[in-house]
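**Q** Which chain is which? The protein sequence lines are A and B, in order.
Sequential numbering from 25 applies to the first sequence in this note's numbering.
Sequential numbering from 25 applies to the second sequence in this note's numbering.
2 protein chains.
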Amino acid sequence: MKYVIIGGVAGGASAAARLKRLNEDAEIVLFEKGEYISYANCGLPYYIGNTIEDRKKLFLQTPVSFGNRYDADVRTLNEVTAINRDRKTVSVKNLRNGKEYEEDYDILLLSPGAEPVKPHVQGIDLPNIFTLRNVADCDKIKMQAIDNLTDNAAAVVIGGGFIGLEMAENLRKIGYQVTVVEKADHVLTPLDWPMAAIVQQHLVDKGVNVITGNGLSCFKDHDGQLAVVLEDNTVLPCNLAILSIGVRPNTTLAKACGLKIGEAGGIWVNEYLQTSDECIFAVGDAIEYPHPVTGKPYCNFLAGPANLQARTAAMNMVYPQSVQYQGSVSTAIAKIFDLTAACTGLSENTLRKLGMTYQTVITHPAPHATYYPGGQPIHLKLNFDPENGRILGAQAVGTQNVDKQIDVISLLLKHQGTIFDLVNSEHAYAPPYGSAKSPVMFAGMVAENIYAHLMNPIQAAELDEIIDRNEDFNLIDVREIQEFKTGTIQGAVNYPVDELREFLEDIPQDKKTIVFCEVGLRGYVASRILMQSGFNTVYNLIGGMKTYRLVGKHNQ
Amino acid sequence: MKYVIIGGVAGGASAAARLKRLNEDAEIVLFEKGEYISYANCGLPYYIGNTIEDRKKLFLQTPVSFGNRYDADVRTLNEVTAINRDRKTVSVKNLRNGKEYEEDYDILLLSPGAEPVKPHVQGIDLPNIFTLRNVADCDKIKMQAIDNLTDNAAAVVIGGGFIGLEMAENLRKIGYQVTVVEKADHVLTPLDWPMAAIVQQHLVDKGVNVITGNGLSCFKDHDGQLAVVLEDNTVLPCNLAILSIGVRPNTTLAKACGLKIGEAGGIWVNEYLQTSDECIFAVGDAIEYPHPVTGKPYCNFLAGPANLQARTAAMNMVYPQSVQYQGSVSTAIAKIFDLTAACTGLSENTLRKLGMTYQTVITHPAPHATYYPGGQPIHLKLNFDPENGRILGAQAVGTQNVDKQIDVISLLLKHQGTIFDLVNSEHAYAPPYGSAKSPVMFAGMVAENIYAHLMNPIQAAELDEIIDRNEDFNLIDVREIQEFKTGTIQGAVNYPVDELREFLEDIPQDKKTIVFCEVGLRGYVASRILMQSGFNTVYNLIGGMKTYRLVGKHNQ
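(1) Exposed or buried, residue 167 of chain B, counting other C-beta atoms within 10 Å across all chains shown (16 or more means buried)?
(2) Counting only beta-carbon atoms, is residue 510 of chain A nearer than 8 angstroms to chain B?
(3) Mind the definition here: the segment 193-202 of chain A touches the segment 282-301 of chain A only if three or more C-beta pairs lie below 8 angstroms; say whether that holds.
(4) Since residue 66 of chain A and residue 455 of chain B should fall inside the 8 angstroms C-beta cutoff, what is the C-beta to C-beta distance between them, to a whole number of angstroms?
(5) Please say whether residue 433 of chain A and residue 471 of chain A have beta carbons closer to each other than 8 angstroms?
(6) For residue 451 of chain A, return the contacting residues in chain B, with the cut-off set at a CB-CB distance below 7 angstroms.
(7) Looking at chain A, which residues of the segment 60-87 of chain B have a Cβ within less than 7 angstroms of any of its Cβ atoms?
(8) Note the first and the last residue of the continuous beta strand (DSSP E) segment covering residue 246 of chain A.
(9) Quick one: give me the first and last residue of the beta strand (DSSP E) that residue 249 of chain B is part of.
(10) Give the C-beta separation of residue 332 of chain A and residue 422 of chain A to the nearest angstrom, bearing in mind that I take them to be a contact with Cβ-Cβ under 8 angstroms.
(11) Could you tell me the boundaries of the beta strand (DSSP E) in which residue 99 of chain B lies?
(12) Can you tell me which of the three DSSP states residue 573 of chain B falls into?
(13) Starting from residue 367 of chain A, trace the beta strand (DSSP E) in both directions and tell me its first and last residue.
(14) Going along the chain, which residues of its own chain have a beta-carbon closer than 6 angstroms to the beta-carbon of residue 558 of chain A, five neighbours each way excluded?
(15) Helix, strand or coil: how does DSSP classify residue 61 of chain A here?
(16) From residue 539 of chain A to residue 428 of chain B, what distance separates their C-alpha atoms?
(17) For the alpha helix (DSSP H) containing residue 551 of chain A, list its first residue and its last residue.
(18) So residue 481 of chain B packs on residue 402 of chain B, CB below 8 angstroms; how close in whole Å?
(19) Within 8 angstroms (strictly less), CB to CB, does residue 371 of chain A reach chain B?
(20) Which value, in whole angstroms, describes the spacing of the CA atoms of residue 240 of chain A and residue 246 of chain A?
(21) Could you tell me the distance, in whole angstroms, from the CA atom of residue 79 of chain A to the CA atom of residue 508 of chain B?
(22) Note the first and the last residue of the continuous beta strand (DSSP E) segment covering residue 26 of chain A.
(23) Taking its Cβ as the centre, do 16 or more other Cβ atoms sit within 10 Å of residue 193 of chain A, making it buried, or is it exposed?
(24) Taking CB distances under 8 angstroms as the criterion, tell me whether residue 502 of chain A reaches chain B.
(25) What three-state label does DSSP hand residue 345 of chain B in the structure shown?
(26) So, at 6 angstroms on beta carbons, what are the nonlocal neighbours of residue 550 of chain A in its own chain, with the 5 sequence-adjacent residues on each side left out?
(27) Contact criterion: CB-CB distance below 8 angstroms. Does residue 454 of chain A meet it with respect to chain B?
(28) Quick check: is the beta carbon of residue 102 of chain B nearer than 8 angstroms to any beta carbon in chain A?
(29) Does DSSP put residue 443 of chain B in a helix, in a strand, or in coil?
(30) Please confirm whether residue 211 of chain B and residue 223 of chain B have their CB atoms less than 8 angstroms apart.
(31) Which residues bound the alpha helix (DSSP H) around residue 91 of chain A?
(32) In angstroms with no decimal places, state the Cα-to-Cα distance between residue 154 of chain A and residue 510 of chain A.
(33) Mind listing the chain A neighbours of residue 440 of chain B? Cutoff is C-beta to C-beta under 7 angstroms, in chain order.
(34) Can you say whether residue 477 of chain B is buried or exposed, counting buried as having 16 or more other CB atoms within 10 angstroms of its CB?
(35) Helix, strand or coil, according to DSSP, for residue 432 of chain A in the structure here?
(36) Which chain B residues sit within Cβ distance under 8 angstroms of residue 350 of chain A?
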């Protein structure tokens, strides 16, 4: 059986290795238009920032070592220019000598990846504008970054997504003044505002200039230097601009040979990762696949799922229709200076767009036992369906143990897990690693209280709307008086929770009552006291002052 | 409704708080025979070691603050001496004034915890022998540890379990020469030998004297100093001895009033955490409950499950039989100097004792992308059922990200998860946090290869037996020649995997063939080449040289 693979990075190389292990007699030809295969593209920003010092570390395999180990015919700098489905061949151009030829296949695997979006704006072809997708891009950026590095060297990163922020950190690390430009109203749009607000503040704290709600207009020459011009005509002169406004599935070959392209713009595949041509499989950033939570196809551009797809496709290429791919819930993470920001499943923003019913919990648990030194709170947001308790998504930001929380929720999301599963989860607990109630368990408990109508949640934005409408309601800060004095929400009165029972008669029962504390726990206790003492519309502010300080409009 | 709770630490205090939140009209009386409630008993070793400097941090609540917040009648230094089920009262002795009285209840909750095992050996009542279970114990140890600290002060920790090793680290940290004595053949018996070997070596590297396979015989006075005498008559003079040989459920009250005690020696409870008396609930270290994997009852002595039990019991005490407890898979963790050791589910040792069918995978994955600086390998052991792929247990040892792997597997264990679920798991990946294939995903893939008969595993001990029997077989080291030269297994010949195909005719096909590499991956590739080239009994050494070096007998 002759297998031809297009693309030698994550998906293609993994599939080739698995194919050979499954079938020693497999004849494998691997085409890669670039110079390298199986390299660490997620590591490229860290090479630019000198965190990874040795360029050789980026290469997990060379074409020769890979070819030897897996007895595969690896052809780098050979670009596949067409797929000829009628005669089961691919047309190839050898970029070393310009020669063109055809190669036949029994089974073809497409792993062409994604390509950076380059907007058609004025000046896009000026020098010192880069995208980062492969080793060649990386080498160019690294060389220019070093050459351009002067005392006041400035870099502009256009796009504040995961990769954009990694680039911002790494350029800052090597000495650049960095500006991040984001068209949306906050950076890191896979996260919602309360979570993204923490990241954004941290960027500012680390000396990054952050511009949001303002997109790229064009590039221009500014006294011999490159300048980025924004939609509001702000001009940002810089030595270096990184375009990181997203990627799109590379579907050129697939489209040209008539393979089905799905509604999200990726190559359509079935559960065996077969395209609309049963002899052609596809994996990685070029495909779309239904999201396990929404059932709707989307493109995820993630390395973990690409690797799993490669393994799955290889199995099905040797043993037809033997293993089903289960989709990705879009779990992602980035280090942003001292912070970790991660997410899984659906954001509130996405849920709203999809018109799905959801409820949100925000907690600020310690990353380990509060009495054990050194912990900074994790900010954890959990979205769930209040009708059946199903988990819909989660986001977390913090300095420690953020990844652990998201991995656990990610696993539950893939299994249609519920908030009850979070409550019943079991974790490895000792004081340096966690608390007896883990952050996800705790978030599950809060969610369960909402589900069971033990607590009525109110979000910071909803509270602000009520204040803006000048509604007549009780707003009670149940923290200690010392905490109250350091700042509260406009209009709040202070009844510390431990004394609340004594003052019940002072609070009008006939009005809506909203309580809050620092993170939400004392507010919950207070809301239980009130709800059971004749107050029938009592709300607890989700995330307490810690969230409100970040996103509320009426701090005082 | 009047609720009486016996025991004010983890389980009792959590239940009281939840009870009140569920039912503001609940009348709650909380009895605690000690001076403190709701304290951090998992933090006690760290207070002794000065990691937690401020003693106040150990107290999450005082009796007064707790009483105020939850409108509960908290009676510390009041010991319940009997439960009078016939008249639904408890007999109480006020330890402050010696007065005895009865208190009636509608619903009773038992949370008496566990008590340290104190063997009836000679000299057990000599001074400077301590157990660590509560704040009073901790204060005594701390005072003696400081008073006894001289230049060559020595401490003996009897029992090398999680708490014993935490104590060893903390006593070492404040300046003691520490000896750990363990009757079993290795420390940390919830882990099997290959994993425990790493911990044991680390203890030695940190200057701890480790004695295994040798139990406590007695204590004696040795020239005016305490000495620990072992079964082989070794005499260990010391300034301080910590007895940490285990705990047993405190069932005194339960037994005396005729409540059912289960086969594991804990208080029997049903799925609603009701004892054999429907008006009496029990939670925490004093109960036993069926293990979700084996179905057999056991006592787990873990804080996380105790907290969840408290929440569950409180629900059922207010809303009868509303929530079922799902049991604990015995997930535990400890920091041991620079290492983290953790486990979940069943060890190989336990599986063997229970006569269960299992297969074992040992891997040594990097904690994050190999090209990202600073990672030390995680040593991960996965036990699974080779007939259906069900996960049975896991253990991990390493310096980073150990807890994350165990938490994910723990969650799957609670849901009857399989190795296929591990393969299909999705994790938050960026180079500082992991690899595209996570450690658990990777272990799942190895297990899946065994399940699918793509690879035949052989464990280090099995290989040693074959060598000991002088069997005639092929033993092939498939690493590079430079690696082979640094040390291999007795009798091994070297065919690097990338050249193996050229030498197939040099290897006798009619013999059993065992291959190995450094961690197992190249061995797998080699075994696939051989299995598909006419060699029909080919085995790959699980965990490779990295495991064999730790536990193998024929290193050369």
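The C-beta atom is built at its ideal place from N, Cα and C for all residues, glycine as well.
**A** This is what the structure gives:
(1) So residue 167 of chain B counts as exposed.
(2) Using a Cβ-Cβ cut-off of 8 angstroms, residue 510 of chain A does not count as an interface residue toward chain B, since no Cβ of chain B sits closer than that to its own.
(3) Too few Cβ pairs lie closer than 8 angstroms, so no.
(4) About 5 angstroms; that satisfies the 8 angstroms criterion.
(5) No, they are not a contact pair.
(6) Residues of chain B whose Cβ lies closer than 7 angstroms to the Cβ of residue 451 of chain A are, in chain order, 328, 355, 431 and 434.
(7) From the segment 60-87 of chain B, only 64, 66, 67, 70, 75, 76, 81 and 82 have a Cβ closer than 7 angstroms to chain A.
(8) Where residue 246 of chain A is concerned, the enclosing beta strand (DSSP E) stretches over 240-246.
(9) Element bounds for residue 249 of chain B: 249-254.
(10) Not a contact, Cβ separation roughly 27 angstroms.
(11) The continuous beta strand (DSSP E) containing residue 99 of chain B extends over residues 97-100.
(12) Three-state result, residue 573 of chain B: helix.
(13) Unbroken beta strand (DSSP E) run through residue 367 of chain A: 363-369.
(14) Taken in chain order, the residues that qualify are 533.
(15) Here residue 61 of chain A sits in coil by DSSP.
(16) Spanning the alpha carbons of residue 539 of chain A and residue 428 of chain B requires a straight line of approximately 35 angstroms.
(17) Looking at the DSSP string, the run of the alpha helix (DSSP H) that includes residue 551 of chain A is 545-555.
(18) Taking C-beta atoms under 8 angstroms as the contact rule, residue 481 of chain B and residue 402 of chain B fail to qualify, at a distance of about 19 angstroms.
(19) Taking Cβ atoms only, chain B never reaches closer than 8 angstroms to residue 371 of chain A, which makes this a no.
(20) If I take the Cα positions, the gap works out to 16 angstroms.
(21) Going from the Cα of residue 79 of chain A to the Cα of residue 508 of chain B covers about 27 angstroms.
(22) If you look at residue 26 of chain A, you'll find it in the beta strand (DSSP E) that goes 26-30.
(23) Flag for residue 193 of chain A reads buried.
(24) False, the Cβ-Cβ gap to chain B never drops below 8 angstroms.
(25) Secondary structure at residue 345 of chain B: coil, using DSSP grouped into helix, strand and coil.
(26) Only 502, 521, 524 and 539 meet the Cβ criterion.
(27) With 8 angstroms as the cut-off, residue 454 of chain A counts as an interface residue toward chain B.
(28) With 8 angstroms as the cut-off, residue 102 of chain B does not count as an interface residue toward chain A.
(29) Note: residue 443 of chain B maps to helix in three-state DSSP.
(30) Here residue 211 of chain B is near residue 223 of chain B, since their CB atoms are less than 8 angstroms apart.
(31) Counting along the chain, the unbroken alpha helix (DSSP H) around residue 91 of chain A starts and ends at 87-94.
(32) Near 47 angstroms, if we compare the C-alpha coordinates of residue 510 of chain A and residue 154 of chain A.
(33) Correct list: empty, because the minimum Cβ distance to chain A is about 11 angstroms.
(34) The residue is exposed, with fewer than 16 neighbouring Cβ atoms inside 10 Å.
(35) Three-state result, residue 432 of chain A: helix.
(36) Within chain B, the residues near residue 350 of chain A are 448.
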